[in-house]
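A.B. asks:
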Amino acid sequence: MTDVASRLAARRGAIVRNQAFWGVIAIVLLLAVNVVADPGYLSIGYNSGHLSGNLIDILRASAPILMIAVGMCLVVATGGIDLSVGSIMVVAGAVSMELLSGMDGTTGDAALTLAIALGIATVLGAVNGVLVSVVGLQPFISTLVMMLAGRGIAKVITGGQNTTADNDSFAWLANGYVLGVPVVFLLAIVIVVLVALLVRRSALGLMLEAIGMDSRASRLAGVKRRSLQLTVYSVSGLLAGIAGVFATASVMTVDVSRTGYQLELDAILAVVIGGTSLAGGKFSIGGAVIGGLLIATLDKTVVFLGVPAAATPAFKAIVIVVLCLLQSERVRSLFRHRRALRAQSQKEAVAA
Amino acid sequence: MTGAPPIVEMTGISISFPGVKALDAVDFRLFPGEVHTLMGENGAGKSTLIKALTGVYKIDEGQILVAGEERRFGGTADAQAAGIATVYQEVNLCSNLSIGENVMLGHEVRGPFGINWKATHRAAADVLATLGLEQLDLRRPLATLSLAIQQLVAISRAMVTKPKVLILDEPTSSLDANEVANLFTVIRRLRDQGVAILFVTHFLDQVYAISDRITVLRNGGFVGEYPTRELDRTTLISKMIGKDFATLRSLGSERQSHHYEPRGEPLLKAEDLGRKGSSEPTDLELHQGEVLGLAGLLGSGRTELARLLYGADKPDSGTVWLRGKKTDIHNPTAALAHRIAFSSENRRDEGIIRDLTVRENLVLAVQAKRGWFRPLSRKEQDALVRKYLTELNVRPADPERPIKFLSGGNQQKVLLGRWLATEPDLLILDEPTRGIDVGAKAEIQAAVAALAAKGVAVVFISSELEEVVRLSDRIIVMKDHRKLAELENGPHVTAETIVAVIADEGDDEEGDSE
Amino acid sequence: ACGGGDDDTSTSGGDELVTVGFVAVGPEGGWRQANEANVQDTFTEEAGFELKYAPATNLDQRSQIDAFTSFVDEGVDVILLSATEGAGWEDSLRRAQEAEIPVILVDRGIEPDDTSLYVTRIAPDNYEVSTAVAEWAVSEFPDGGNYFVLEGPAGVSVVNERNRGWDDAVASVPGLVKVGAQTANWSTEEAKSVFETVLKSNNNDIQLVFAQNDEMGLGAAIAVEEAGLTPGVDVKIATIDGTKPALEALAEGRLSFVAEYNPLFGETLLEVVEQVLNGEEVEPYIVVPSETFDSPEAATAALPSRKY
Amino acid sequence: MTVTTRPPTGSAPGTAPSLAERLGARLSARLSALPTVAALLIFVGMIIYGEAAYGRIVQFNTLSNLLVNNSHLIILAVGLTFVILTGGIDLSVGAVIAFSSVAGVMLSNAGWHPVAAVLVMVLIGSVLGLISGVLIQYFGVQPFIATLATMFLARGLASMLSTVPERLADDSAIRELATQLKIIDGDKVNDLVITPGVIAAIVIVVLGFLVLHRTRFGRTVYAIGGSEQSATLMGLPVPATKLGIYVISGTLAGIAAVVYTSRLGSAQNITGIGWELDAIAAVVIGGTLLTGGTGFVLGSVVGALVLGLMNVLITRDGGIRPEMTTIITGGILLVFVILQRVLAARRRATQG
Ligand SMILES: Nc1ncnc2c1ncn2[C@@H]1O[C@H](COP(=O)(O)OP(=O)(O)OP(=O)(O)O)[C@@H](O)[C@H]1O
Ligand SMILES: Nc1ncnc2c1ncn2[C@@H]1O[C@H](COP(=O)(O)OP(=O)(O)OP(=O)(O)O)[C@@H](O)[C@H]1O
Ligand SMILES: [Mg+2]
Ligand SMILES: [Mg+2]
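Residue numbers (this note's numbering), protein chains in the order written: chain A, 3 to 354; chain B, 20 to 533; chain C, 2 to 309; chain D, 78 to 429.
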């Protein structure tokens, strides 16, 4: 009996110590706030052949963030950072729209476009990888360069225009439904699961963590730092490309100055909320997914509550700070201390 | 010493970490003007006791009196202010700064315009000179120094504050005999000035050479406090390990008597292997089942040679034949693929990966060798881990514990396990017994001997010449980054032989240059 | 033409080119693109000009001030200024005056509007354009209705002016109820995301959207369609700018009203520059006439000749 | 003791160190200054190139405007040098400027004494820096995230104060801080001028240099950058120092706000977006490593001037397509870091 209780307590301790747990709590709290504002918030309707509702919107909005967050998570695990994901998004979007606007709108066109856009995104990611692993530049600077240049490249591709295109198959990627569920979310989840399986079922995860924790020691242990870093930045580029396709396909327009703008910050936040340290090492893809969902929920909540545009950043800041405080060891030990004191006084009361 | 009250008195100190009781009601006293050695196996709690004293760890129970007053320090800075200077076990310096800056960090001499660098450097030079480091260029980046010199720099740093209590946690682990002698002169002088010195080492010779009193810990528990005079070695060892020590003693002579006769083609043959600035072109031959010792003083270039063999540094001259075939070993991955393994002398920075678990650390090299897409199944991993944890007697034998929570000796054993698990034909061990307790040292030596018997070629580097002599079939004596001599081992070879070889050459050279 | 004291190059119209420094906004959207391309296409070497084009980085005013200063230091003949922000130009303009370089404001004005600091301002009128939208809205919804405003980034002067124009005309009308305003940062994608949520939080009970640029209006239209409603019928969307995609959408009935904010005034600008260089007097504010399009037919008619 | 310690001298094995080798050792000790020297050389090269290609660079007004226009950036870069030297980062400086200047202008217009308003502006910076510092030091929040939160917070507070430009009254004494003091009155605008802002920047640079190199605080900053754990175990005041650098960075952002606002005569909530990246780029160009431990304040000044000069040159050229500007900025940044790397590697190789 006490054994079960203690095991439960231990389990609970592990959950509470798991940083992503607080991300889940934050999502639940935000949803609760929305429900208070409008009791019908969580209701999911069925209209014109698909599910609809605020939750469905959140899932759809989270898809691009999930993509870049997962890519970022892998990069961060190796002790790096990828500031260029937002810019790679806009490049992929620009390539897609520019190609599609000159085509007829067949599914074949869409597939070809997708392949080219993702290919280019991967190449840009690989350039990051080369700068970091072969040239040996600091990740922050290499990807900062790509962040600056990427947006410029997108503008060159569209000639500075916000190109619009028409292709139903392409738009379906972002706006379509399968079995009533948004395709874009299903795709995102499938990709996340694939990446997670790849990383965790192979020894890739261990290798990435080893590099992130101690690249010198892992080199001597035979870990191929260069090729792994190259791979990781390429994957991050590819995923950012997918995110760019998701983002532009939803409106079939690429906005060269806005698409993906500052989304790298969202991705980094998602990763950190998920419990991965920016210092590298242990990483959690599940955590990054929770972080991504939280950010989508937060963005949607701000709009739903009609928080004035001016106050939005402050609202975000408060959520981040509270979350960080909850995740911090110090605050938690404060709580623990309180609880311990309470338990002790109870015990003493029993003894007396 | 007799009359004076203790300057540090710790009573009933207990500290637990998740899953371990690192200290359990330990008592410890330190008197002014004495050298007090703290003894115990790896993981006995020596470093923890020191950190408890200086406030790096918070104690769960117990009392600390410093100069008769109850104190709880908040950290090294606090302790320093109270006159307790500490050199922790792993070298803790800032490799981005210069030697002089490191020595004086936090104690720079200040004038009206802030730090007076001239005076600061002068002070640094003075304190370095006491350890015989007067020829060091103070402006050199610390990173260019070998670990051993760094250790001496760290010790110099502790003496800057003119402390009343000086704590040295394994200061001699990287030093050779001369350095040790040098250090002991300094320690004796400080002792005579009334400084209380707490000293940790695993070298029994050093204990008997320098210490006045010994406190023994075992498994986090307090065993006893003894005047050194009243405790002979055997008793000391049995107090440390808690059982009889006879089995360990016989080992060394056994290996030396077994002498290997090289037959047939060498496993590895190197010609003119070298690297500009770090290693003169060297010829080398190595046979299966042979233990090749590299002996020399600090900075003689043993580590560099080993790193070249492993591809950790790229050689810029020379050819290597492996099993008769010309081979290019340009990086560690290639070396592993050719069944060469290398355990670095720098356990903290180039060995363990602190935040990974024991299991992950142990399987890392095997996994890297296989490539990430061919993962070891959990079952295979567990089998490997179980095998080496038992074989090498790692304590605690908990594979899921982050390796940073193991004591130094046990970390070393896990690393040895990592390399053995790759089933190498050639194993290069650079200072594998650094900071290892007597028992574990014997175990590691036994493991090396067993490997050689199984046909593995071993390159064995150690600053402890006795150990090299005991284990090796052949010994290469190095100096100034080049091969000085190659000795066939035998009953006629002793540590003194090697010292003599080095010294002769040194005299010759000095004669030449003057 | 490196700006000596009495400049005779422009009057002689000879072989030397007139150097024009254009402190521009840079890629921002369809409208800006059309406007700046138009200016660049007008001040060509054939026309006797060397145009130095300096777009802002990230729409940051600081980079514009740097570019402006640099043009003054270099001693160009004329400076065209499209300020990202109205305030904070006094110092720079005064230095241009000291250097005897005439400054012409293109599109956006400065605050406070001290006409002694510049020669003239050529622009469509934001206030008037958004008033035009508001007037259409009032006439379109005689019985009133709920409306929502999609704004540009909070704090930008265009946003403030367009809000003012709208509010002044609509505030006094009792039936029109503002259910909210959000920024969508001029972006289609964000507008779609914002408006789909706004529709849900208002149970689709919104009849009118005032989008402060075309891109956001198009985003709102997509959100309306995805909510199963019909734009133009259930929700009417009015936008400002008058880019081609917007007119196409208007022709299809997805948008209901488009107010042009005419970007193509390069010719006027060229004339004014020549007048200024010849020392002629010019009006302190030259308003560029803008049209409005209130029906699919009007849009269809205008589309073939649309340049942007 | 016949054989004394023979520390590895880096000389060719077996020979006594010659003069050349000792010189090499000297240089190697200064290795960390190399990137900074490289930055300085490239800066001079850029000036020469600019003068040759476009003219009117080496003249009083262009050079003094380079200082006047970039004085706030220099001040920010000094603050970030402190932060980055410890291996941290401060993303909040741009937003701090926005909040501090909007608040300052509003207070001044509300009738506050200008000195009080300026003090509040600086203090706002210090307080926001303190918030970041406390989050980082006492709650273990990672610097990137903590300062990101501060950034959102400051931006949000600024927007809540006002979303329209707040103009300083024409007679406000704060405007005096931008008075152009003509040292040499040249033809037309070709004057050698200096503003109180420039003087402030120079004083701050000198102070920054002295603090870093001549105080124990400064040495601790470097030590933390080398190894925070070692610094702690060496008994250095790590927590206080880390707190201190974020306060310094915030305070300097506050001062930069004063300098910038006085020059502009107005303040706005959207001021300073992306300036943190400019400042970080300046620091990096100046040769400071983002991983901490090496770098110089003077390098950051050169970095800021390089960025400023680059903008001038791009403007002077005038023919660069708008979509190319960010690509060029990124490209130049890249060339810079690669060049520094190559130089350092070459030096290290020859020294060996
Ligand atoms: N920070 C920590 N967290 C958890 N366990 C720890 C920590 N530090 C030490 N331990 C454990 O405490 C015990 C005592 O370790 P300690 O480092 O004091 O040993 P030691 O006597 O110094 O050994 P060595 O001779 O190898 O240095 C070991 O079992 C070790 O695993
Ligand atoms: N912290 C470090 N970082 C990088 N390289 C190091 C470090 N410490 C040591 N080294 C390398 O290892 C060498 C140390 O070897 P050293 O010159 O002392 O010869 P050695 O004969 O191996 O001496 P010993 O092993 O007794 O220290 C240094 O010259 C350097 O090349
Ligand atoms: Mg220890
Ligand atoms: Mg060595």
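Glycine residues also receive a C-beta, built at the ideal position from the N, C-alpha and C atoms.
1. Tell me whether residue 177 of chain D is buried or exposed, calling it buried when 16 or more other Cβ atoms sit within 10 Å of its Cβ.
2. So, for residue 112 of chain B: in the same chain, excluding its five sequence neighbours on each side, which residues have a beta-carbon less than 7 Å away from its beta-carbon?
3. Is residue 333 of chain D close to chain C? Criterion is C-beta to C-beta, closer than 8 Å.
4. Identify the continuous beta strand (DSSP E) that holds residue 56 of chain C and give its terminal residues.
5. Under 8 Å: do the region 291-299 of chain A and the region 307-317 of chain A share three or more Cβ pairs, one atom per stretch?
6. At 4 residues or longer, what runs of the alpha helix (DSSP H) sit wholly inside the region 233-307 of chain D?
7. Verify the CB distance criterion: does residue 206 of chain D have a CB-CB separation below 8 Å to chain B?
8. Round the Cβ separation of residue 92 of chain A and residue 256 of chain A to the nearest angstrom and send it over; I've been treating them as touching at under 8 Å.
9. Give me, in chain order, the residues of the same chain whose beta-carbon lies closer than 8 Å to that of residue 33 of chain B; leave out the 5 immediate sequence neighbours on both sides.
10. Excluding the 5 residues flanking residue 390 of chain D on each side, which residues of the same chain have their C-beta closer than 6 Å to its C-beta?
11. For residue 449 of chain B and residue 198 of chain A, I'd like the C-alpha separation in whole angstroms.
12. How many angstroms separate the CA atom of residue 285 of chain A from the CA atom of residue 149 of chain A?
13. Applying a beta-carbon distance threshold of less than 8 Å, which residues of chain A neighbour residue 191 of chain C?
14. Apply the 10 Å Cβ neighbour rule to residue 195 of chain A and answer buried if 16 or more other Cβ atoms are within range, or exposed otherwise.
15. If you measure beta-carbon to beta-carbon, which residues of the region 300-330 of chain D are closer than 8 Å to chain B?
16. Taking the C-alpha atoms as reference points, what is the distance between residue 466 of chain B and residue 29 of chain B?
17. Check whether chain D comes within 8 Å of residue 66 of chain C, counting only Cβ atoms and requiring the distance to be less than that.
18. In terms of residue numbering, what span does the alpha helix (DSSP H) encompassing residue 183 of chain C cover?
19. Please confirm whether residue 182 of chain C and residue 152 of chain C have their CB atoms less than 8 Å apart.
20. Would you list, in sequence order, the uninterrupted alpha helix (DSSP H) runs of no fewer than 4 residues that lie entirely inside the region 108-157 of chain C?
21. Cβ-heavy atom distance between residue 408 of chain D and ligand 1 below 7 Å?
22. Enumerate in chain order the residues of its own chain whose CB-to-CB distance from residue 429 of chain B is below 7 Å, with the five nearest sequence positions on each side excluded.
23. For residue 268 of chain A, count neighbouring C-beta atoms within 10 Å of its own C-beta (all shown protein chains included) and say buried if the count is 16 or more, exposed if not.
24. Under 9 Å, CB to CB, which of the residues in the region 301-317 of chain A have a partner in chain D?
25. Can you list the residues of chain D that residue 115 of chain B reaches, using a CB-CB cut of under 9 Å?
26. Who are the neighbours of residue 162 of chain A on chain C, taking C-beta pairs under 7 Å?
27. What first and last residue would you give for the beta strand (DSSP E) that runs through residue 117 of chain B?
28. By the DSSP assignment, the alpha helix (DSSP H) with residue 226 of chain C in it spans what residues?
29. At which residue ranges does the region 303-390 of chain B contain complete beta strand (DSSP E) runs of 3 or more residues, listed in the order of the chain?
30. Is it the case that the region 108-127 of chain C contacts the region 142-157 of chain C, given that we only count it when at least three CB pairs across the two stretches are under 8 Å?
31. Note down, one range per segment and in chain order, each alpha helix (DSSP H) of at least 4 residues found wholly within the region 254-303 of chain A.
32. Looking at the unbroken alpha helix (DSSP H) that takes in residue 233 of chain B, where does it start and where does it end?
33. Nearest by alpha-carbon distance to residue 186 of chain B: which of B:196, B:209, B:329 is it?
34. What three-state label does DSSP hand residue 522 of chain B in the structure shown?
35. Using 8 Å as the threshold, is the C-beta distance between residue 364 of chain B and residue 166 of chain B below it?
36. Between B:301, B:260, B:358, B:310, which lies nearest to residue 336 of chain B when the distance is taken from Cα to Cα?
C.D. replies: The short version:
1. Working through the fourth sequence from its first residue, we reach residue 177 of chain D at position 100. So residue 177 of chain D counts as buried.
2. Taking the second sequence and counting its residues from 1, one reaches residue 112 of chain B at position 93. Cβ neighbours of residue 112 of chain B beyond the five flanking positions: 121, 161, 169, 172, 173.
3. For this step, residue 333 of chain D is matched to residue 256 along the fourth sequence. Taking Cβ atoms only, chain C never reaches closer than 8 Å to residue 333 of chain D, which makes this a no.
4. Position 55 of the third sequence, counting from 1, holds the residue named residue 56 of chain C. Here the beta strand (DSSP E) through residue 56 of chain C covers 50-56.
5. With a cut-off of 8 Å, the region 307-317 of chain A and the region 291-299 of chain A do not count as touching, because too few Cβ pairs lie within range.
6. 273-291, 293-303
7. Position 129 of the fourth sequence, counted from the first residue, corresponds to residue 206 of chain D. At a cut-off of 8 Å between beta-carbon atoms, residue 206 of chain D makes no contact with chain B.
8. Taking the first sequence and counting its residues from 1, the one referred to as residue 92 of chain A is at position 90. Taking the first sequence and counting its residues from 1, the one referred to as residue 256 of chain A is at position 254. Between residue 256 of chain A and residue 92 of chain A the Cβ distance is about 7 Å, and since that is below 8 Å, they are a contact.
9. Residue 33 of chain B sits at position 14 when you count from the first residue of the second sequence. Once the five neighbours on either side are set aside, the close Cβ partners of residue 33 of chain B are 40, 42, 43, 44, 45, 78, 79, 80, 81.
10. The residue labelled residue 390 of chain D in the question sits at position 313 within the fourth sequence. Excluding positions up to five away in sequence, the list reads 127.
11. Position 430 of the second sequence, counted from the first residue, corresponds to residue 449 of chain B. Position 196 of the first sequence, counted from the first residue, corresponds to residue 198 of chain A. Answer to the nearest angstrom: the Cα atoms are 38 Å apart.
12. In the first sequence, the residue the question calls residue 285 of chain A occupies position 283. In the first sequence, the residue the question calls residue 149 of chain A occupies position 147. So the two alpha carbons sit approximately 24 Å from each other.
13. Here residue 191 of chain C corresponds to residue number 190 of the third sequence, with the count starting at 1. Those are 260, listed as they occur along chain A.
14. Here residue 195 of chain A refers to the residue found at position 193 when the first sequence is read from its first residue. By the 10 Å Cβ count, residue 195 of chain A comes out exposed.
15. 300, 302, 303, 304, 306, 307, 308, 309, 310, 311, 312, 313, 314
16. To locate residue 466 of chain B, count along the second sequence from 1; it is residue 447. To locate residue 29 of chain B, count along the second sequence from 1; it is residue 10. The alpha-carbon of residue 466 of chain B is positioned some 39 Å away from that of residue 29 of chain B.
17. By 1-based counting over the third sequence, the position of residue 66 of chain C is 65. Interface residue, yes.
18. Position 182 of the third sequence, counted from the first residue, corresponds to residue 183 of chain C. Looking at the DSSP string, residue 183 of chain C is not in any alpha helix (DSSP H); the run it does join, the beta strand (DSSP E), is 177-184.
19. Residue mapping note: residue 182 of chain C aligns to position 181 of the third sequence, counting from 1. Residue mapping note: residue 152 of chain C aligns to position 151 of the third sequence, counting from 1. For residue 182 of chain C and residue 152 of chain C, yes; Cβs fall inside 8 Å.
20. 127-141
21. On the fourth sequence, residue 408 of chain D is found 331 positions in, with the first residue counted as 1. No, the beta carbon of residue 408 of chain D sits no closer than 7 Å to any heavy atom of ligand 1.
22. Here residue 429 of chain B is taken as the residue at index 410 of the second sequence, counted from 1. When the five nearest sequence neighbours on each side are left out, the beta carbons in the same chain lying within less than 7 Å of the beta carbon of residue 429 of chain B are those of 61, 62, 413, 414, in order along the chain.
23. Residue 268 of chain A sits at position 266 when you count from the first residue of the first sequence. When all chains shown are included, residue 268 of chain A counts as buried.
24. Taking 9 Å as the Cβ-Cβ cut-off, the region 301-317 of chain A approaches chain D at 310, 311, 312, 313, 314, 315, 316, 317, given in chain order.
25. For the purposes of this step, residue 115 of chain B is taken as residue 96 along the second sequence, with counting starting at 1. Correct list: 109, 299, 300, 302, 303, 304, 366, 369, 370, 371.
26. Here residue 162 of chain A corresponds to residue number 160 of the first sequence, with the count starting at 1. Simply 28, 34.
27. Start at 1 with the first residue of the second sequence, and residue 117 of chain B comes out as number 98. For residue 117 of chain B, there is no enclosing beta strand (DSSP E), as DSSP marks it with neither H nor E.
28. On the third sequence, residue 226 of chain C is found 225 positions in, with the first residue counted as 1. Residue 226 of chain C -> alpha helix (DSSP H) spans 215-227.
29. 310-315, 336-341, 344-346, 359-362
30. By the Cβ rule, the region 142-157 of chain C does not count as touching the region 108-127 of chain C, because fewer than three pairs are nearer than 8 Å.
31. 265-275
32. Counting from 1 along the second sequence, the entry for residue 233 of chain B is found at position 214. Element bounds for residue 233 of chain B: not the alpha helix (DSSP H) but the beta strand (DSSP E), 232-237.
33. What you label residue 186 of chain B is simply residue 167 of the second sequence in a count that begins at 1. A check of alpha carbon separations from residue 186 of chain B across B:196, B:209, B:329 identifies B:209 as the nearest.
34. If you number the second sequence from 1, residue 522 of chain B lands on position 503. The answer is helix: DSSP assigns residue 522 of chain B an H, G or I state.
35. Looking up residue 364 of chain B in the second sequence gives position 345. Looking up residue 166 of chain B in the second sequence gives position 147. The answer is yes: Cβ separation under 8 Å.
36. Here the question's residue 336 of chain B lines up with position 317 in the second sequence. If we check each option's Cα against that of residue 336 of chain B, B:301 comes out closest.
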